[in-house]
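Below you'll find the structure, written out as C-alpha coordinates, and then a few comments.
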(Lines of atoms letter the chains of each structure in order from A and count residues from 1; the text may use other names and numbers.)
(Lines give C-alpha, C1' and ligand atoms only; values in the text may rest on other atoms or scores of the structure.)
Protein backbone atom coordinates (compact mmCIF):
# COMPACT_ATOMS: atom_id res chain seq x y z
CA UNK A 1 0.00 0.00 0.00
CA UNK A 2 1.37 3.43 -1.02
CA UNK A 3 0.89 6.34 1.28
CA UNK A 4 1.54 9.99 0.77
CA UNK A 5 2.24 12.75 3.25
CA UNK A 6 -0.59 14.77 1.72
CA UNK A 7 -3.08 11.98 1.99
CA UNK A 8 -5.22 12.12 -1.15
CA UNK A 9 -2.62 12.99 -3.82
CA UNK A 10 0.05 10.30 -4.03
CA UNK A 11 1.99 12.12 -6.81
CA UNK A 12 2.06 15.52 -5.12
CA UNK A 13 5.25 14.62 -3.26
CA UNK A 14 7.01 14.04 -6.59
CA UNK A 15 6.01 17.44 -7.93
CA UNK A 16 7.04 19.21 -4.75
CA UNK A 17 10.55 17.72 -4.83
CA UNK A 18 11.57 19.98 -7.71
CA UNK A 19 12.55 23.55 -7.07
CA UNK A 20 11.46 26.35 -9.37
CA UNK A 21 14.94 26.68 -10.89
CA UNK A 22 14.74 23.06 -12.09
CA UNK A 23 11.59 23.87 -14.06
CA UNK A 24 13.15 26.70 -16.09
CA UNK A 25 12.81 26.60 -19.86
CA UNK A 26 15.90 25.45 -21.70
CA UNK A 27 15.65 26.17 -25.44
CA UNK A 28 16.49 23.21 -27.66
CA UNK A 29 19.24 23.62 -30.18
CA UNK A 30 18.54 22.68 -33.76
CA UNK A 31 20.93 19.77 -33.98
CA UNK A 32 22.02 18.96 -37.51
CA UNK A 33 23.20 15.42 -38.22
CA UNK A 34 25.83 16.87 -40.57
CA UNK A 35 29.16 18.45 -39.56
CA UNK A 36 29.01 22.21 -40.19
CA UNK A 37 32.20 22.34 -42.25
CA UNK A 38 31.01 19.86 -44.89
CA UNK A 39 29.10 20.38 -48.13
CA UNK A 40 25.90 18.93 -46.65
CA UNK A 41 26.46 20.89 -43.43
CA UNK A 42 26.70 24.12 -45.45
CA UNK A 43 23.51 23.35 -47.38
CA UNK A 44 21.54 22.46 -44.25
CA UNK A 45 22.87 25.28 -42.07
CA UNK A 46 20.29 27.64 -40.57
CA UNK A 47 21.17 30.39 -43.04
CA UNK A 48 20.87 28.11 -46.10
CA UNK A 49 18.30 25.47 -45.14
CA UNK A 50 15.33 27.48 -46.45
CA UNK A 51 17.23 28.59 -49.57
CA UNK A 52 18.13 25.05 -50.66
CA UNK A 53 15.32 22.92 -49.17
CA UNK A 54 14.46 21.28 -52.52
CA UNK A 55 18.09 20.39 -53.20
CA UNK A 56 18.39 19.04 -49.63
CA UNK A 57 15.22 17.00 -50.23
CA UNK A 58 16.76 15.53 -53.40
CA UNK A 59 19.98 14.63 -51.58
CA UNK A 60 18.15 13.03 -48.65
CA UNK A 61 15.66 11.11 -50.78
CA UNK A 62 18.44 9.88 -53.07
CA UNK A 63 20.24 8.77 -49.87
CA UNK A 64 23.24 10.87 -50.85
CA UNK A 65 23.12 13.35 -47.96
CA UNK A 66 25.41 11.32 -45.70
CA UNK A 67 27.87 10.91 -48.58
CA UNK A 68 28.06 14.71 -48.96
CA UNK A 69 28.73 14.95 -45.21
CA UNK A 70 31.71 12.56 -45.21
CA UNK A 71 35.32 13.82 -45.18
CA UNK A 72 36.09 11.53 -48.15
CA UNK A 73 33.48 13.28 -50.35
CA UNK A 74 36.06 15.66 -51.87
CA UNK A 75 33.75 16.85 -54.65
CA UNK A 76 32.27 19.98 -56.15
CA UNK A 77 28.50 20.45 -55.99
CA UNK A 78 26.51 22.89 -58.13
CA UNK A 79 23.28 23.73 -56.27
CA UNK A 80 20.28 25.70 -57.47
CA UNK A 81 18.25 27.75 -54.95
CA UNK A 82 14.58 27.07 -54.24
CA UNK A 83 13.15 30.29 -55.65
CA UNK A 84 14.47 29.39 -59.12
CA UNK A 85 13.42 25.74 -58.93
CA UNK A 86 9.88 26.63 -57.80
CA UNK A 87 9.53 29.27 -60.51
CA UNK A 88 10.75 27.06 -63.38
CA UNK A 89 9.61 23.58 -62.38
CA UNK A 90 7.23 23.80 -59.41
CA UNK A 91 7.57 21.64 -56.30
CA UNK A 92 5.43 18.81 -57.70
CA UNK A 93 8.09 18.07 -60.30
CA UNK A 94 10.59 17.13 -57.58
CA UNK A 95 8.08 15.35 -55.35
CA UNK A 96 7.14 13.00 -58.20
CA UNK A 97 10.68 11.98 -59.17
CA UNK A 98 11.71 8.41 -58.45
CA UNK A 99 14.86 7.76 -56.45
CA UNK A 100 16.93 6.71 -59.51
CA UNK A 101 16.10 9.97 -61.27
CA UNK A 102 17.10 11.92 -58.18
CA UNK A 103 20.44 10.11 -58.01
CA UNK A 104 21.07 10.90 -61.70
CA UNK A 105 20.12 14.56 -61.16
CA UNK A 106 22.41 14.95 -58.14
CA UNK A 107 25.27 13.14 -59.89
CA UNK A 108 25.20 15.49 -62.88
CA UNK A 109 25.46 18.40 -60.42
CA UNK A 110 28.55 16.86 -58.82
CA UNK A 111 32.13 16.84 -60.04
CA UNK A 112 34.17 13.94 -58.58
CA UNK A 113 36.91 16.30 -57.39
CA UNK A 114 37.21 19.70 -55.75
CA UNK A 115 37.33 22.41 -58.40
CA UNK A 116 38.28 25.87 -57.19
CA UNK A 117 37.16 29.17 -58.70
CA UNK A 118 40.61 29.96 -60.11
CA UNK A 119 40.46 26.70 -62.10
CA UNK A 120 37.12 27.71 -63.62
CA UNK A 121 38.57 31.04 -64.77
CA UNK A 122 41.87 29.50 -65.98
CA UNK A 123 40.57 28.31 -69.37
CA UNK A 124 37.98 29.56 -71.84
CA UNK A 125 36.29 26.16 -72.22
CA UNK A 126 36.59 23.07 -70.05
CA UNK A 127 34.82 19.74 -70.41
CA UNK A 128 34.61 17.95 -67.08
CA UNK A 129 33.32 14.56 -66.06
CA UNK A 130 30.52 14.46 -63.54
CA UNK A 131 29.62 11.69 -61.09
CA UNK A 132 27.01 10.64 -63.65
CA UNK A 133 29.07 8.36 -65.87
CA UNK A 134 26.96 9.18 -68.95
CA UNK A 135 27.29 12.97 -68.69
CA UNK A 136 29.90 15.67 -69.00
CA UNK A 137 29.75 19.29 -68.03
CA UNK A 138 30.99 22.04 -70.33
CA UNK A 139 32.21 25.11 -68.47
CA UNK A 140 32.70 28.28 -70.49
CA UNK A 141 34.52 31.34 -69.20
CA UNK A 142 33.23 34.42 -71.02
CA UNK A 143 35.54 36.73 -69.10
CA UNK A 144 32.87 38.22 -66.87
CA UNK A 145 30.83 35.11 -66.05
CA UNK A 146 31.00 31.33 -65.93
CA UNK A 147 28.44 29.33 -67.94
CA UNK A 148 27.70 25.64 -67.40
CA UNK A 149 26.04 23.36 -69.89
CA UNK A 150 25.07 19.80 -69.09
CA UNK A 151 24.59 17.19 -71.81
CA UNK A 152 20.83 17.65 -72.02
CA UNK A 153 20.46 21.37 -71.23
CA UNK A 154 18.77 23.56 -73.80
CA UNK A 155 20.78 26.57 -72.67
CA UNK A 156 23.52 27.56 -70.32
CA UNK A 157 23.30 27.85 -66.56
CA UNK A 158 25.09 30.78 -65.01
CA UNK A 159 27.22 30.67 -61.94
CA UNK A 160 25.47 33.19 -59.66
CA UNK A 161 27.60 32.80 -56.57
CA UNK A 162 31.25 32.03 -56.08
CA UNK A 163 32.83 29.12 -54.33
CA UNK A 164 31.83 28.15 -50.81
CA UNK A 165 34.81 26.04 -49.81
CA UNK A 166 34.19 23.39 -47.18
CA UNK A 167 36.44 20.80 -45.55
CA UNK A 168 35.21 18.05 -47.88
CA UNK A 169 34.49 19.98 -51.08
CA UNK A 170 33.12 23.11 -52.68
CA UNK A 171 29.63 24.41 -53.38
CA UNK A 172 28.67 26.78 -56.20
CA UNK A 173 25.24 28.32 -56.68
CA UNK A 174 23.83 28.20 -60.23
CA UNK A 175 20.68 29.69 -61.79
CA UNK A 176 19.09 26.52 -63.25
CA UNK A 177 19.21 22.74 -63.11
CA UNK A 178 21.69 20.80 -65.16
CA UNK A 179 19.40 18.37 -66.96
CA UNK A 180 20.87 15.02 -68.04
CA UNK A 181 20.11 13.59 -71.48
CA UNK A 182 17.02 11.38 -71.67
CA UNK A 183 15.70 12.73 -68.39
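Numbering (the working numbering), first residue to last: 3 to 185.
In this text, a Cβ means the ideal position worked out from N, Cα and C, and glycines have one as well.
Who are the Cβ neighbours of residue i in its own chain at under 8 Å, not counting the five residues just before and after it?
i: residue 94; result: none
Start and end of the beta strand (DSSP E) containing residue i?
i: residue 110; result: Not the beta strand (DSSP E): residue 110 falls in the alpha helix (DSSP H), residues 101-110.
i: residue 145; result: First-last for residue 145: undefined, no H or E at that position.
Can you tell me whether residue i is helix, strand or coil according to DSSP?
i: residue 165; result: strand
i: residue 130; result: strand
i: residue 120; result: helix
i: residue 80; result: strand
i: residue 85; result: helix
i: residue 43; result: helix
i: residue 55; result: helix
i: residue 138; result: strand
Less than 9 Å separating the beta-carbons of residue i and residue j?
i: residue 139; j: residue 179; result: no
Within its chain, find whatever has a CB closer than 6 Å to the CB of residue i; leave out the 5 residues flanking it on each side and keep chain order.
i: residue 87; result: 56
i: residue 107; result: none
Which first and last residues belong to the alpha helix (DSSP H) in which residue i is found?
i: residue 180; result: First-last for residue 180: undefined, no H or E at that position.
i: residue 94; result: 93-97
In or out: residue i buried (at least 16 other Cβ within 10 Å) or exposed?
i: residue 135; result: exposed
i: residue 126; result: exposed
i: residue 85; result: exposed
i: residue 152; result: buried
Excluding the 5 residues preceding and the 5 following residue i in the sequence, name in chain order all residues of the same chain whose CB lies nearer than 7 Å to its CB.
i: residue 50; result: 44
i: residue 83; result: 53, 54, 175
i: residue 166; result: 44, 172, 173
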